[in-house]
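Chemist:
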Amino acid sequence: MPKTRECRELNAYMDTVKLRLMTLQREMELDGEHITPKSLLNKFLGVANEKPQYTILGVFREHNDKCAKLSGIDMSAATVERYETSYKHTAEFIKQTYHVDDMDINSVDHRFITDYEFYLKTERACSHNTATKYLKNFKKITRIALANECMVKDPFANIKFRLNEVDRDFLEDHELKRIIDKRFSIERLEQVKDMFLVLCFTGLAFSDLKGLRDEHIFTDNNGAKWIRKKRQKTKNMCNIPLLDIPLSIFEKYKEHPCRTKGELMPVASNQKVNAYIKEIMDICGIQKAISSHTGRHTFSTTVALANGVSIESVAKMLGHSNTNMTRHYAKVLDRTIMNEMSNVADKFQYKAVQL
Numbered sequence: 001m002p003k004t005r006e007c008r009e010l011n012a013y014m015d016t017v018k019l020r021l022m023t024l025q026r027e028m029e030l031d032g033e034h035i036t037p038k039s040l041l042n043k044f045l046g047v048a049n050e051k052p053q054y055t056i057l058g059v060f061r062e063h064n065d066k067c068a069k070l071s072g073i074d075m076s077a078a079t080v081e082r083y084e085t086s087y088k089h090t091a092e093f094i095k096q097t098y099h100v101d102d103m104d105i106n107s108v109d110h111r112f113i114t115d116y117e118f119y120l121k122t123e124r125a126c127s128h129n130t131a132t133k134y135l136k137n138f139k140k141i142t143r144i145a146l147a148n149e150c151m152v153k154d155p156f157a158n159i160k161f162r163l164n165e166v167d168r169d170f171l172e173d174h175e176l177k178r179i180i181d182k183r184f185s186i187e188r189l190e191q192v193k194d195m196f197l198v199l200c201f202t203g204l205a206f207s208d209l210k211g212l213r214d215e216h217i218f219t220d221n222n223g224a225k226w227i228r229k230k231r232q233k234t235k236n237m238c239n240i241p242l243l244d245i246p247l248s249i250f251e252k253y254k255e256h257p258c259r260t261k262g263e264l265m266p267v268a269s270n271q272k273v274n275a276y277i278k279e280i281m282d283i284c285g286i287q288k289a290i291s292s293h294t295g296r297h298t299f300s301t302t303v304a305l306a307n308g309v310s311i312e313s314v315a316k317m318l319g320h321s322n323t324n325m326t327r328h329y330a331k332v333l334d335r336t337i338m339n340e341m342s343n344v345a346d347k348f349q350y351k352a353v354q355l
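Residue numbering for the sequence shown follows UniProt numbering, starting at 1 and increasing by one per position.
In structure tokens:
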């Protein structure tokens, strides 16, 4: 009998504790507190939960503020903007998933990362590669925290990133000719068409064209004009001989107000440019997913490699440190394969006659 009474008392006490813990958990949820076993126990015992010294968004913000100060020095404005977008996605994920404004950086674990990846792909509709790039940005934040001994364990220790290979569109020569021959009465479309053609015939990235000035054009001993400019993204030097098409376009804008600022031609924002390029492609009847960056792929493939320029020279013009990077841009055209195989066909033609 005594044991039965003790069991009843113990069960009653456990029920009371359970009810109290459930009540405290509900209160913490309503107050927007991040709940862990330790924080719930501290609440039950009446011990104040210490405010975390290092938070996810706190470390992230400190990193981004430093990046902003390095913009145009060691880091491109586009990279700074990408980190800001990554910060916003992380903040929104924490708010939506954990119902708090920020969290202790040591609460980041494998589950946090996999949930964040799921959030990016579903709620933010990011492709696999885009989500992976945001996760890599976030991994940099945890690396900083680990290096500064703000974190105890690396949450990315058993996570490997793999990008899916993307088949990027480029323009073939007949499509380029269609754009060159098209004249637009609408000024914004004519200017963006010219800008896009410069990208296609120089291999410059959009950010590098936007920063192109008179000082980046020089004339060699033979009278040929070149673009000599460091890439904004990597700081690698680009050496690009100027063909007639970009030269004539620069000449076309020699009286434009942009020249007073040293700019070679007017360049709108990348967002507007991509919208106008899509409009231009529709008018020209080109059914491809084309953006300003397509110009760089078109230059390496259609303009350069397809006309016998070596991949080493293309790498130099694109500002790549090695040809492995260039192969990402290069595509082999069907006509290139046919031209090269025609020599093989001629060589073995006599053998077919003998069969």
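A virtual CB, placed ideally from N, CA and C, is assigned to each residue, including glycine. Because the structure is a prediction, the values reported are computed rather than measured.
Measuring only the C-alpha atoms, how far is I56 from K95?
Modeler: Rounded to the nearest angstrom, the two C-alpha atoms are 12 Å apart.
Chemist: Is it true that the CB of S292 sits closer than 8 Å to the CB of V314?
Modeler: Not a contact, by the Cβ cut-off of 8 Å.
Chemist: So is G295 buried or exposed if we call it buried at 16+ other beta carbons inside 10 Å?
Modeler: It counts as buried.
Chemist: Classify P241 as helix, strand or coil using the three-state DSSP reduction.
Modeler: Three-state result, P241: strand.
Chemist: Going by CA-CA distance only, name the one from M14, R8 and M265 that's closest to E190.
Modeler: Taking only the C-alpha atoms, the option nearest E190 is M265.
Chemist: Quick one: give me the first and last residue of the beta strand (DSSP E) that K230 is part of.
Modeler: Per DSSP, K230 belongs to the beta strand (DSSP E) from K225 to K230.
Chemist: Can you grab the Cα-Cα spacing for the pair M1 / Y119, in whole Å?
Modeler: Residue placement at M1 is poorly supported in this model, since its pLDDT is 46, which falls under 50; the coordinates are not used for a value here.
Chemist: Starting from T202, trace the alpha helix (DSSP H) in both directions and tell me its first and last residue.
Modeler: E187 to T202 is the span of the alpha helix (DSSP H), which, as asked, contains T202.
Chemist: One question on the structure: do I227 and T202 come within less than 8 Å of each other, judged by their Cβ atoms?
Modeler: Yes, they are a contact pair.
Chemist: Over the uninterrupted alpha helix (DSSP H) stretch that includes T323, give me the two end residues.
Modeler: First-last of the alpha helix (DSSP H) with T323: T323 to R327.
Chemist: Residues in the same chain with beta-carbon distance under 7 Å from E279, minus the five sequence neighbours each way, listed in chain order, please.
Modeler: Contacts found: L189.
Chemist: Which residues bound the beta strand (DSSP E) around F218?
Modeler: I217 to T219 is the span of the beta strand (DSSP E), which, as asked, contains F218.
Chemist: Is S185 buried or exposed, if buried means 16 or more other CB atoms sit within 10 Å of its CB?
Modeler: It counts as exposed.
Chemist: May I ask you to report which of helix, strand or coil DSSP gives T36?
Modeler: Three-state result, T36: coil.
Chemist: By DSSP's criteria, M75 is part of a beta bridge. Which residues make up the other side?
Modeler: S71, per the DSSP bridge assignment.
Chemist: Between R143 and F60, what straight-line distance do the alpha-carbon atoms span, to the nearest angstrom?
Modeler: The straight-line gap from Cα to Cα measures roughly 11 Å.
Chemist: From C7 to N42, what distance separates their C-alpha atoms?
Modeler: Whole-angstrom Cα-Cα distance: 27 Å.
Chemist: Check R213 in the structure and name its three-state DSSP category.
Modeler: If DSSP states are grouped into helix, strand and coil, R213 belongs with the strands.
Chemist: Is it buried or exposed for E117, if we count other Cβ within 10 angstroms and need 16 for buried?
Modeler: With 16 or more other Cβ atoms within 10 Å, it is buried.
Chemist: Measure the alpha-carbon distance for L212 versus E263 and round it to whole angstroms.
Modeler: Distance between the alpha carbons of L212 and E263 is about 6 Å.
Chemist: Mark E27 as exposed unless 16 or more other C-beta atoms lie within 10 angstroms of its C-beta, in which case mark it buried.
Modeler: Flag for E27 reads exposed.
Chemist: How is C126 classed by DSSP in three states: helix, strand or coil?
Modeler: In this structure, C126 counts as coil in the three-state DSSP scheme.
Chemist: Identify whether E263 lies in helix, strand or coil by the three-state DSSP scheme.
Modeler: Here E263 sits in strand by DSSP.
Chemist: Are the beta-carbon atoms of P155 and V198 separated by less than 8 Å?
Modeler: Result no, Cβ atoms of P155 and V198 do not sit closer than 8 Å.
Chemist: Strictly by DSSP, which residues pair up with D104?
Modeler: Beta-bridge pairing links D104 to T55.
Chemist: Roughly how many angstroms lie between the CA atoms of R20 and F112, to the nearest whole one?
Modeler: Each residue's Cα considered, the two are about 28 Å apart.
Chemist: Could you pull the start and end residues of the alpha helix (DSSP H) that H174 belongs to?
Modeler: Counting along the chain, the alpha helix (DSSP H) containing H174 begins and ends at D173 to D181.
Chemist: Counting C-beta neighbours from all protein chains within 10 Å, is the total for P246 16 or more, i.e. buried, or is it exposed?
Modeler: Buried is the call here.
Chemist: Spatial neighbours of N274 within its chain, please: CB distance less than 8 Å, with the 5 preceding and 5 following residues excluded, ordered by chain position.
Modeler: S291 and S292, listed in sequence order.
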